[in-house]
Amino acid sequence: MNFDWSVVWRNADAVAEGTKLTILLAVTTMAIAIPGGIVLALMRLSGVRVLSSLSACFVELFRNLPLILVIYTAYYVLPVATGFSLSPITTAIVALSLNVSAYNGETFRAGIASIRQGQSEAAYALGMTRWQATREIVLPQAVRRVLPVLASTWVSLFKDTSLVSVISVGELAYTSMRIRAQTYRVLEMLTAMAAIYWLLGYPQAKLVDWINRRYAVNE
Amino acid sequence: MDLDYSPVLDSWRFLLNGLELTLALSFLTILCSLTLGGAIGLARCYGPRWLAVPLVFYVDSMRSVPVLVVLVWTYFALPLVIGVTLPPFWAALVALTAQIAAYVAEIVRAGVTSIRAGQTRAAFALGMSRAQTIRTIVLPQALVRMLPAFGSILSITIKDTAIAAVIAVPEYMNRSQTVAGQSFHPIEVFTVAMAVYFVILFPVTRVVDIVYVRLAHLGRL
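Sequence lines, in order, name chains A and B.
Reading the first sequence from the start, the letters are residues 60 to 278 in the numbering used here.
Reading the second sequence from the start, the letters are residues 72 to 292 in the numbering used here.
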């Protein structure tokens, strides 16, 4: 068995580009999914029947579908539904955002619900409006409480970006597998891919553990 | 837009076989992950100290590498190392188990460490052996606390088996891709696939929620 690891160095530029796109996909998706999740949670808790059932349906649907299927479906359905063809990267961000927004929606809902009723009642007693009480009293406390969960969702998202390789978005997994197919250096490229994910993911997993300890709820 | 569901109906037997494989792969993965993950989790809590280092490394590595990468590596690269090519189904079982067992181990460890040290000390004070304490005092309480997390492991596993389509395990996702490609009706085929996965997964998450609400009081101390 002879392995030629130089193939990794010869393709270092392409791999670096793929890694950059992986990070970009995760950042963009989270930037969309945090406001998305907050909106979903507020809709769910708004007390307006239509809004809360819409939000519940959205969350339950995307929490109960394999992400890879959502990605494929988005790839085929979005061009037909919107009438113009979207780039694979846009499609990927849409599919990932749908998935992560649903998870964040549930996270924020649980976070807001975990803030005791007395907090908003006290705010009303002080003459605050419902919106003021939500924005100034409940949300700041809820955000602190959901931070550990958001951090775990981030790590999952970072790993899940690899799934968009199936619709040929040139991120790390796709790039590595493409080079593998071109050079036949299967073990070298796949191991390099795993190593890069590991190098990026391991510190994140450790950071999540730290955030979990730091922000643990003690009541 | 005209929707034509006949390709799905025409290949229902082909798709049903795929669904059976999805369920079989999910079931075997859960079984193997619970066994392996349980053993790793307990070994981390009660095993010799030197063993904890490689176990922590294994668990944290699996938490930081995507399941797709583990699948692809197991199927394409592992044969070059060990010299044996695994059929796709078994490669998927090995890869999914490797990944999900790490999550199970983490759940078991968190459950066991959440039981206060006073419980163990009280058991020792009553003259119980270490094994007795673990079996009759710690684990029953810890298991209740682990239940909701095990529930989400169920749905995570079923969802992750869809990724095995990438290494051509002929399960439901893979079969849907085949039908979609041959019939040129991807929208209908994938819509049906979404409905099928939802119908399987939604009751799983619901039942887990209900069981948890029923059992939650047992976990309180």
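Glycine included, C-beta positions come from ideal geometry on N, C-alpha and C.
Below-8 Å beta-carbon distance, A/V86 vs any chain B residue = To locate residue 86 of chain A, count along the first sequence from 1; it is residue 27. False, the Cβ-Cβ gap to chain B never drops below 8 Å.
task = Taking B/W83 as the reference, give the member of B/R246, B/V270, B/R285 with the closest Cα.
result = Translated into positions along the second sequence, residue 83 of chain B becomes position 12. Closest by alpha carbon: B/R246.
task = Tell me, to the nearest whole angstrom, how far the beta carbon of A/V36 is from that of A/L137; I am working on the premise that it is less than 8 Å.
result = Past the boundaries of the shown model lies residue 36 of chain A; chain A is included only from 60 to 278, so the question cannot be answered.
request  = Examine chain A for any beta-carbon lying closer than 8 Å to the beta-carbon of B/A95, and answer yes or no.
outcome  = In the second sequence, residue 95 of chain B corresponds to position 24, counting from 1. No, B/A95 lies away from the interface with chain A (no Cβ there is under 8 Å from its Cβ).
inquiry  = Starting from B/T43, trace the alpha helix (DSSP H) in both directions and tell me its first and last residue.
reply    = A query on residue 43 of chain B cannot be resolved here, the shown segment of chain B reaching from 72 to 292 and no further.
ask   = Does A/Y233 come within less than 8 Å of chain B when only Cβ atoms are used?
value = Counted from its first residue, the first sequence places residue 233 of chain A at position 174. So no, A/Y233 is outside the interface.
request  = Just tell me which of B/D75, B/T100, B/V140, B/L92 has its CA closest to the CA of A/A232.
outcome  = Counting from one through the first sequence, the residue named residue 232 of chain A turns up at place 173. Looking at the Cα atoms, B/V140 is the closest of the given residues.
ask   = Mind checking if B/W121 is an interface residue toward chain A, Cβ cutoff 8 Å exclusive?
value = Within the second sequence, residue 121 of chain B is the residue found at index 50, counting from 1. No, no contact with chain A.
B/I258 to A/T132 span [Cα, whole Å] = On the second sequence, residue 258 of chain B is found 187 positions in, with the first residue counted as 1. On the first sequence, residue 132 of chain A is found 73 positions in, with the first residue counted as 1. If you take the alpha carbons of B/I258 and A/T132, they lie about 7 Å apart.
task = Check A/T193 in the structure and name its three-state DSSP category.
result = Position 134 of the first sequence, counted from the first residue, corresponds to residue 193 of chain A. It is helical.
query = Does any C-beta atom of chain A lie closer than 8 Å to the C-beta of B/A220?
reply = Here residue 220 of chain B is taken as the residue at index 149 of the second sequence, counted from 1. Chain A, which has no Cβ nearer than 8 Å to the Cβ of B/A220, makes this no.
request  = Find out if the Cβ-Cβ distance for the pair B/V215, B/V183 is shorter than 8 Å.
outcome  = Here residue 215 of chain B refers to the residue found at position 144 of the second sequence. Here residue 183 of chain B refers to the residue found at position 112 of the second sequence. No; because the gap between Cβ atoms is not below 8 Å, this pair is not in contact.
inquiry  = According to DSSP, simplified to helix, strand and coil, what is A/L185?
reply    = Within the first sequence, the letter at position 126 stands for residue 185 of chain A. Correct three-state label for A/L185: coil.
request  = Using a Cβ cut-off of 8 Å (strictly closer), state whether A/M252 contacts chain B.
outcome  = Working through the first sequence from its first residue, we reach residue 252 of chain A at position 193. So yes, A/M252 belongs to the interface.
ask   = Quick one: any contact between the region 96-110 of chain B and the region 228-236 of chain B, if contact means 3 or more CB pairs under 8 Å?
value = yes
ask   = With a CB to CB cut of under 8 Å and the five nearest residues on each side skipped, what residues in its chain are close to B/V138?
value = On the second sequence, residue 138 of chain B is found 67 positions in, with the first residue counted as 1. Here the set comprises A166, L167, Q170, D231, I234.
ask   = Sorted by chain position, which residues of the same chain lie with C-beta nearer than 8 Å to A/V225's C-beta, five sequence neighbours on each side aside?
value = In the first sequence, counting from the first residue as 1, residue 225 of chain A sits at position 166. Excluding sequence neighbours, A/V225 sits near I127, I130, Y131.
request  = Can you give me, in chain order, the residues of the region 219-238 of chain B that have a beta carbon less than 9 Å from any beta carbon in chain A?
outcome  = S226, I229, K230, D231, T232, A233, I234, A236, V237
message = Quick check: the Cα distance between B/Q248 and B/T262, rounded to an integer number of angstroms?
response = Residue numbering aside, residue 248 of chain B sits at position 177 when the second sequence is read from its first letter. Residue numbering aside, residue 262 of chain B sits at position 191 when the second sequence is read from its first letter. One C-alpha to the other measures close to 12 Å.
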